[in-house]
Amino acid sequence: MAVIAVTRERRAGETRVAAVPETVKKLIASGFAVVVEAGAGAAASYPDADYAAAGATIAKTAKDALAKADILFKVRSPEAAEIAAIKAGTLVVATLNPYQDKAALAGLAKAKATAFAMEFVPRITRAQVMDVLSSQANLAGYRAVIEGAEAYGRAMPMMMTAAGTIAAAKVFIMGVGVAGLQAIATARRLGAVVTATDVRPATKEQVESLGAKFLAVEDEEFKNAQTAGGYAKEMSPEYQAKQAELVSSHIAKQDMVITTALIPGRPAPKLVSAAQVASMKPGSVIVDLAIEQGGNVVGAKLDEVAVTKNGVKILGVANLPGRIAADASALYARNLMAFAGLFLDKDGKFAPDYADEILAAALVTQGGKVVHPNLKA
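Per our numbering: the sequence shown = residues 34 to 410.
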């Protein structure tokens with residue numbers, strides 16, 4: 034019987050946990066044994082007693098939890114002390130941030146861990162239930178609006194009162210992926226007037242289906258700006274100039290801007306310039322979801338609220354899913370539970386098939402080496 038260890042997250046500000054009592058119970062039912070470090074779920078409101086009731090063994094320390102573990106579940110990369118405690122060949126499953134966190138990757142390779150980066154799970158139909166980027170981005174988009182609404186010094190919906198009418202807040206979402214779509218839906222629920230933009234023409238229908246207005250220069254070039262595979266084509270300088278002018282004039286009228294653009298393995302693209310920030314009204318709010326990869330907004334600072342000379346607040350809040358730790362943990366834990374199912378053969382025995390397209394795509398270290406083609410020096 035393969036043993037899964039779940040240890041407490043030790044990265045600063047990380048409140049999530051990689052398994053919840055619900056998934057522990059199901060993992061045990063499928064043939065795994067589960068050991069949970071004491072206090073692992075406390076920050077996400079999952080007490081040790083609930084894990085024990087689900088059938089897990091509670092270990093006093095991370096070292097104790099890892100002593101007999103065949104698999105380690107984490108949210109973030111394990112710290113050096115945890116890596117030192119794992120045995121060679123242990124399967125480590127986490128969001129490893131492999132492009133940036135080179136030290137952890139090197140440590141896992143040196144420890145001869147077989148490590149999987151959940152960010153590399155391919156976006157194919159059978160892997161949808163394992164898609165941690167989508168599950169966490171969905172919550173990040175929701176929380177971005179909540180954070181923005183809290184920082185915004187006015188009401189979000191239109192209110193008609195005996196003393197007069199309060200206008201609805203104007204919210205602009207830049208980037209219509211999973212996070213952007215949830216941000217649109219959440220801002221709409223709060224009563225805001227919402228617009229959104231994206232370089233992919235196919236997103237227009239999604240934006241409008243949520244009751245928001247799509248913003249783009251919709252000429253012939255825009256209509257053909259997407260490849261057959263659904264990716265954006267590079268636009269001409271002429272189109273980029275026209276789109277930038279449209280966006281700039283729009284940003285100046287907004288009460289809240291939320292940016293969501295990320296590129297795997299590269300710094301986040303700059304979407305909002307200093308001049309655009311300066312054009313906004315005092316009291317306006319910008320929420321930068323890409324802050325952990327450098328940010329989409331000029332002037333955004335990691336884990337700070339930057340207030341500009343003209344009174345605009347730029348929120349650089351890291352780890353937004355961690356601010357909804359219970360739900361974020363539950364979704365992430367289900368992603369990992371589904372992924373762990375790939376470690377079992379058709380008879381339910383622990384026998385990972387490394388030729389499986391999902392495991393092969395996510396595998397980053399094995400046999401003392403970094404093996405993923407995108408990460409080799």
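Virtual Cβ for every residue (Gly too), placed ideally from N, Cα, C.
Ranked by Cα distance from E337, the first of E180, I37, L124, V36 is E180. In this structure, DSSP gives K59 a helical state, which the three-state scheme calls helix. Fully enclosed beta strand (DSSP E) runs of no fewer than 3 residues occupy 104–106, 124–127, 147–150 of the region 97–185, in order along the chain. Inclusion of P354 and Q169 in the CB contact set at 8 Å is warranted, their separation being smaller than that value. By the Cβ criterion, the region 394–401 is not in contact with the region 284–291, since fewer than three pairs of Cβ atoms, one from each stretch, lie closer than 8 Å.
A straight-line Cα-Cα distance of about 8 Å links A160 and F372. For the 8 Å CB-CB criterion, S362 and R41 do not form a contact.
Counting C-beta atoms within 10 angstroms of its own C-beta, G46 has fewer than 16 neighbours from the protein chains shown and is therefore classed as exposed.
V178 sits close to T219, with the two beta carbons spaced by under 8 Å. Counting only residues of its own chain and dropping the five nearest sequence neighbours on each side, A200 has a CB closer than 8 Å to the CB of M191.
Annotation for E251: no alpha helix (DSSP H) segment contains it, and DSSP assigns it neither H nor E. Per DSSP, D83 lies in no beta strand (DSSP E); the unbroken alpha helix (DSSP H) holding it starts and ends at 81–86. Look at M370 here: in three-state DSSP terms it is helix.
Beyond the five residues adjoining it in sequence on each side, G374 comes within less than 8 Å, by CB distance, of S63 in the same chain, given in chain order. At least 8 Å separates the beta-carbon of M151 from that of V125.
Inter-residue distance for A92 and I347 is about 42 Å (C-alpha atoms, whole angstroms).
Exposure of K342 is indicated by the presence of fewer than 16 other C-beta atoms within 10 angstroms of its C-beta. Non-local C-beta neighbours of Y272 in its own chain, meaning closer than 6 Å and more than five positions away in sequence, comprise E254, ordered along the chain.
A distance below 8 Å separates the beta carbons of K402 and A142.
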